[in-house]
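Peer 1: Quick one: this structure, given as structure tokens, is what I'll be asking you about.
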């Protein structure tokens, strides 16, 4: 309600009550006053008539007609009201204002008839002889016994009404004055009350709408001041509570949003209560989800729904591993537990989702590594031992066989040595860190040239052409020996797998704050599924192939470690039938 | 009695030679293949009495070769010994109950395998 409307209502009601009360009281007193006035006036006329009757000259109980003439002359001289004496036969004996001889019989006049019968008569009517409304009062003379005459007093009514009007005027003026004063007081009171009440109302509406920035002003009216004060206290407490709640909720939302694990809470009807971004991402929920939607409408992941069902049936937590929707999606670990309220009553289910793809992959990597390393070591060891035994058991008797077997033993021992050397190299690299590694600013071109030089013999064997493109001014902080080793490994691989009579390209260029070195071959390329795992130790694109080519299976793992020590990255791009490119990116500065 | 034929499927030439040397000394006829694909071609000509199979092969691996072998009526009776670096033992994979007359042969080969691994007679 606006302030104006509130004021109108309040003040209007006040005014209505005031006017109503004053109106009823004044109407009553006004009417009563009139009655009293009228009675008073009639009484006066009565007294005059009585006086006149007493003064009327009489002889032996009847009216002395000769004396009446003089009596009326006196009355006429006295002025005032009109007096008339009427005989019982209706004849007018005398009149204070007209000649009695010319007057009609007055026995029929109502007041005269009444006076004859009862002693007194009153009538109020229009007088044609005077031309105005008159009040007549008649009295029998004498009052007791048979009538000898009737004396009548007539007074024009306007003298009475005139008097009364004058009184009314004063009275009305007083009434208006009182009303005006009361209205003014009421107006002032309304102003005093309504302003603060309206302010309190507006303030409360603001607070109710959640605006806690302002408080109610304390009005000068004592009771309202107390009210405003306690409302302000309530608002303070509300604000504190709401802010605490909001902070708590924000914190919870923040925690949920920043968790890498997905969290889903559903109530007993499987309606969503909470769902964080991680859960959205892990479950591949692209569309926004409405709060309160059923979980079945939100996701097609049946495993999740089954898990919630299962969790509801049992008491303990339920765990399950599954892929979200399509195969190829990440492998998820889902853990469902009952959500219970303070009384321990089950209100829903909480599901925590973690992406265990990497974990499972690491397990696979570890298992593969163990299998691979044992395989890689077993082959040369088995050969060395087997052929040595064969020699002992008689093969040595044939010099040709003996020589062949010994050559195999030497070659396999060499392979074993190479594997052990590379493993030691890796372990040495792992013990280093980017902080402790000495990395002076080194011209890149020189390192590239050295690496190519070292690979020249192998390239010539396979008739592979080596091409180098590098800006002479390019330099980067690096451990020249290690980078040279990484490049030799890469170039060696490119020569091995690129196919004979092809070209291996080595280029280096500045790329923003990086130095990028690319080693490109024209080989058959590598299938995309291998690219991720290529830098793992002993990882084989094609099982068995590397043995034939003489590698240890550790070359790329060493490259990766060397680059990591330089805070760089290594990547591979490959297209089947076109070739592969290994890319080293090293920081161009120490930043 | 004709000499039993053993088909060795092993990509490492040194290991292949080692097995061949030992089994020849025991008096078996030896056929060699460097890959599963090569072995599948060889099996079209002649069925061996036993196959010694390396699991880690380039191209088609040992398991796939075994499945293909058992899927075909003509070849599914051939016993196979899988030689694998994944496990310490040389496993006999195949239909043991069907081995019948081959059991002696298998025991011999296992003996060879055992000696090869441990050096004990």
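Residue numbers (my numbering), protein chains in the order written: chain A, 1 to 591; chain B, 1001 to 1121. Ideal Cβ positions, reconstructed from N, Cα and C, are used throughout, including at glycine. What you are looking at is a predicted structure, and each value in this text was computed from that prediction instead of being measured.
#1: Is the CB-CB distance between residue 516 of chain A and residue 585 of chain A below 8 Å?
#2: Determine the closest residue to residue 282 of chain A out of A/149, A/260, A/379, A/310, with distance taken between C-alpha atoms.
#3: My output table needs one value for residue 253 of chain A: the three-state DSSP class, helix, strand or coil.
#4: Measure the Cβ-Cβ separation of residue 310 of chain A and residue 356 of chain A and say whether it is below 8 Å.
#5: Would you verify that the beta carbon of residue 1028 of chain B is, or is not, closer than 8 Å to some beta carbon of chain A?
#6: Between which residues of its own chain and residue 560 of chain A is the CB-CB distance below 8 Å, once the five residues before and five after are set aside?
#7: For residue 48 of chain A, I'd like the list of residues in its chain whose CB is within less than 7 Å of its CB, leaving aside the five on either flank, ordered along the chain.
#8: Considering only C-alpha positions, which residue in the set A/218, A/512, A/492, A/372 is nearest to residue 538 of chain A?
#9: Taking the alpha-carbon positions, what's the residue 1023 of chain B to residue 1029 of chain B distance?
#10: Quick check on this structure: which residue in A/423, A/359, A/438 has the alpha carbon closest to the alpha carbon of residue 556 of chain A?
#11: Just the Cα atoms here: how many angstroms apart are residue 1079 of chain B and residue 1062 of chain B?
#12: With a 10 Å radius around its C-beta and 16 neighbouring C-beta atoms as the bar for buried, classify residue 72 of chain A as buried or exposed.
#13: With a CB to CB cut of under 6 Å and the five nearest residues on each side skipped, what residues in its chain are close to residue 330 of chain A?
#14: Tell me whether residue 1021 of chain B sits in a helix, a strand or coil according to DSSP, three-state version.
#15: Strictly by DSSP, which residues pair up with residue 333 of chain A?
#16: With distances taken between CB atoms, is the gap from residue 31 of chain A to residue 135 of chain A smaller than 8 Å?
#17: Taking only the alpha-carbon atoms, compute the straight-line gap between residue 439 of chain A and residue 481 of chain A and give it to the nearest angstrom.
#18: Distance check for residue 382 of chain A and residue 299 of chain A, CA to CA, integer angstroms please.
#19: With a cut-off of 8 Å, does the C-beta of residue 1015 of chain B fall near any C-beta of chain A?
#20: Apart from the five residues on each side of it in sequence, which residues of its chain come closer than 6 Å, Cβ to Cβ, to residue 1095 of chain B?
#21: Would you verify that the beta carbon of residue 390 of chain A is, or is not, closer than 8 Å to some beta carbon of chain B?
#22: Run through the segment 268-301 of chain A for me and flag every whole beta strand (DSSP E) of 3 or more residues, listed as ranges in chain order.
#23: In whole angstroms, give me the CA-to-CA distance for residue 340 of chain A and residue 266 of chain A.
#24: Consider the Cβ of residue 1018 of chain B: report whether some Cβ of chain A lies at a distance smaller than 8 Å.
#25: Using three-state DSSP, classify residue 12 of chain A as helix, strand or coil.
#26: For a quick check, are the C-beta atoms of residue 170 of chain A and residue 86 of chain A less than 8 Å apart?
#27: Examine the Cβ distances between the segment 504-523 of chain A and the segment 481-495 of chain A and report whether three or more of them are shorter than 8 Å.
#28: When Cβ atoms are compared, which residues of the segment 402-419 of chain A fall closer than 7 Å to chain C?
#29: What do you get for residue 580 of chain A, buried or exposed, if any count of 16 or more other CB atoms within 10 angstroms of its CB means buried?
#30: Classify residue 276 of chain A as buried or exposed, calling it buried when 16 or more other Cβ atoms lie within 10 Å of its own Cβ.
#31: Quick check: residue 1057 of chain B and residue 1036 of chain B, are their CB atoms within less than 8 Å of each other?
#32: Would you tell me roughly how many angstroms separate the C-alpha atoms of residue 204 of chain A and residue 343 of chain A, rounded to the nearest one?
#33: Where does residue 242 of chain A land, buried or exposed, given buried means 16+ other C-beta within 10 angstroms?
#34: By the 10 Å Cβ neighbour count, where 16 or more other Cβ atoms means buried, how is residue 2 of chain A classified, buried or exposed?
#35: Suppose contacts are defined by Cβ-Cβ distances below 8 Å. Is residue 180 of chain A in contact with residue 15 of chain A by that definition?
Peer 2: Walking through what the data contain:
#1: yes
#2: A/260
#3: helix
#4: no
#5: no
#6: 535, 570
#7: 81, 153
#8: A/372
#9: 8 Å
#10: A/423
#11: 14 Å
#12: buried
#13: 355, 357
#14: helix
#15: A/321, A/354
#16: no
#17: 10 Å
#18: 55 Å
#19: yes
#20: Its pLDDT being 36, under 50, residue 1095 of chain B is placed unreliably in this model, and the value from its coordinates should be taken loosely. For residue 1095 of chain B, where only same-chain residues beyond five positions count, there are no Cβ hits under 6 Å.
#21: yes
#22: 272-275
#23: 12 Å
#24: yes
#25: helix
#26: no
#27: yes
#28: The chain labelled as chain C is not found among the protein chains of the depicted structure, namely A and B.
#29: buried
#30: buried
#31: yes
#32: 36 Å
#33: exposed
#34: exposed
#35: no
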